[in-house]
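First the structure, in the form of structure tokens, and then the observations on it.
In UniProt numbering, the protein residues as written are 1 to 203.
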């Protein structure tokens, strides 16, 4: 409960920060995004067994520095994970992970045509682990690193519904750079990859 209250407070502060700014230069979106995620180890002895469905929700802020170009960032809660098998134990381990995600990148948008414009986005995806559990709902926080970093690349469309409001639909691929696991006795590098289906409402 404390984590949810803290997240709500941070979201409120985030919204208040942009209140009063020019609508043409700053656009705020609420996103609720289903996703498929999987873990990818780099060494024999550890295998990826299956992916996991999850979700990502929060706010995204686009700060336009030209008509069709914006710096994009945000604050979201990311529910993700995957399943690994450690061959010496032949045991499957589910990693059910929750992160606080703060993406930073560049958004490129086309001119509007018949209430629709297309966009592309790319950048970095730093995130901080706030919860890690296994398939039996036991904490595995000691086996998961606090910080994760990757890149994202995606595209989609915005459909205007009047004024500054629009619906947003897209698909974004996230690829991890850093090892998310820290399991004693294993030197593998396991990265987190995700395919995110972007759904949002632009204010």
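Glycine included, C-beta positions come from ideal geometry on N, C-alpha and C.
Terminal residues of the continuous beta strand (DSSP E) containing residue 75? 69–86
Residue(s) in a DSSP beta bridge with residue 162: 165
Whole-angstrom distance between residue 131 and residue 154, CA atom to CA atom: 27 Å
Option nearest residue 120 by Cα separation, candidates 102, 151 and 157: 157
To the nearest angstrom, how far is it from the Cα of residue 191 to the Cα of residue 182? 12 Å
Rounded distance between the beta-carbons of residue 128 and residue 146, thought under 8 Å: 6 Å
Inter-residue Cα distance where the pair is residue 114 and residue 67: 18 Å
Am I right that residue 144 and residue 97 are in contact with their C-beta atoms under 8 Å? What's the rounded C-beta distance? 7 Å
In this structure, how does DSSP classify residue 54 when only helix, strand and coil are distinguished? strand
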